[in-house]
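Structure, as structure tokens:
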Amino acid sequence: MSLKDVAARAGVSFQTASKVLNGHSRVASPSTRERIQRAAAELGYVPNAMARGLVRQASVTIGVLADDFSDQAVSQFVLAAQRAAASHGHGALISSVHADIDAELAVRKLLEYRVDGILVAAPSLEDEPQLGDALRGPLPVVSINRIHGGGVPLIGSDHALTGTLAAQHLLDLGHRRIGTVIGPRGRQVVRRRTRGFRDTLRAAGRPLPERRIAEADWTYDGGWAATHRLLDTDPAITAVFVQNDVMAMGALKALHERGLRLPADCSVVGCDDLSFAAYLVPPLTTVRIPFEETGERAATLLLDRIGGKQIPTRNLLPVELVVRESTTSP
């Protein structure tokens, strides 16, 4: 049903129906407003947001480009950004992009819908030149991950600090033989978390040898397999920093399979503080990454850019250590 149908049913002009349904109550008497709203309800009329945006010379939609909705971190960011956009009267058009989808085409599709701006949550594509080229244009963009070639404001967390907090916690507990399960080495977040972890251990006189580093792929199975490799190489390890909570779940299973008591024989620190972390056995000590706050802040910054405001090119939100029962003194 169109706005013209509503106007005809209510017996008013198209212009009057349009203004009333767009919130301009003073253009009609209370009885006329009620008649128009009743007609809209009876006909099941839904406003055309894109057309309304064109009339106002502005879209009411932001685009969200995300690469893995099965990742709890990415999904938390997207949902929080969507809520923040809605609180400002904007909708969010969400588009998936990954290695099998042309990144430039995905951006072009969002542009065809006349979005005001784009939020990017595609960490697996941080080294993709096509994505960087497609995003560097007149349209405002904010990203939670590095964009190849730069030129896009970033918002995220101090990932080197996550490694520092984990290492310092384990050192303070008295651990000296400490290992780590990392994500894919090519990822920037992995390099930064590892650097913070390694530098803190080195400063305490406990360098991190390569045999105490095991690479995985962010998954449960990856964390499980990497932990077995780590302890096969160095069985004397008494504590492990795992670079995300999903892999940490796999690490706990691997330690249990080896007959180790948790945390008496081996402590585990995760990273992210996902919703399940507090319910593992034992409950997981982890470094909290503020995913929801990041999504909200990213949407706010994007709306500021859309409004013509200058925003910082780099925005880091604080991380914090959440101590639970998976860590103790050796």
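Here the numbering used here is used: the sequence shown runs in plain steps of one and ends on residue 498. Glycine included, every Cβ here is placed at the ideal spot set by N, Cα and C.
- Burial state of VAL180 is buried, judged by a 10 Å Cβ sphere holding 16 or more other Cβ atoms.
- A direct Cα-Cα distance of roughly 12 Å separates TYR447 from ASP413.
- SER170 carries a coil assignment under DSSP once its states are collapsed to helix, strand and coil.
- For PHE182, the secondary structure class from DSSP, reduced to helix, strand or coil, is helix.
- Within the same chain, and ignoring the five residues on either side of GLN205 in sequence, no residue has its Cβ closer than 6 Å to its Cβ.
- Inter-residue distance for GLY324 and THR481 is about 11 Å (C-alpha atoms, whole angstroms).
- Excluding sequence positions up to five before and after SER292, its CB lies within less than 6 Å of the CB of ASP235, all in the same chain and listed in chain order.
- Annotation for PHE245: the continuous alpha helix (DSSP H) segment containing it runs 240-255.
- Here GLU425 is not near PRO451, since their CB atoms are 8 Å or more apart.
- Counting only runs of 3 or more residues that sit fully inside the segment 305-350, the beta strand (DSSP E) segments are 309-311, 322-325 and 346-350, in chain order.
- In this structure, the alpha-carbon of THR184 lies about 28 Å from that of TYR281.
- With fewer than 16 other Cβ atoms from the protein chains shown falling within 10 Å of its own Cβ, HIS256 counts as exposed.
- ARG194 is not bridged by DSSP to any residue.
- Here the alpha carbons of ARG201 and LEU171 stand approximately 14 Å from one another.
- When ALA371, PRO198 and GLY231 are compared, the shortest CA-CA separation from ARG344 is found for ALA371.
- A check of alpha carbon separations from SER264 across GLY231, GLY475, ARG429 and PHE182 identifies GLY231 as the nearest.
- Excluding sequence positions up to five before and after ALA196, its CB lies within less than 8 Å of the CB of VAL180, THR184, LYS187, VAL188 and ILE204, all in the same chain and listed in chain order.
- Between ARG473 and PRO308, the C-beta spacing is below 8 Å.
- Collapsing the DSSP output to three states places PHE237 in coil.
- With respect to the 8 Å criterion, LEU273 and THR229 are not classified as neighbours on the basis of their beta carbons.
- VAL214: not part of any alpha helix (DSSP H); DSSP gives it neither H nor E.
- Following the DSSP letters along the chain, one finds ASP284 in no beta strand (DSSP E), marked with neither H nor E.
- In the structure shown, GLU383 falls within a strand segment according to DSSP collapsed to helix, strand and coil.
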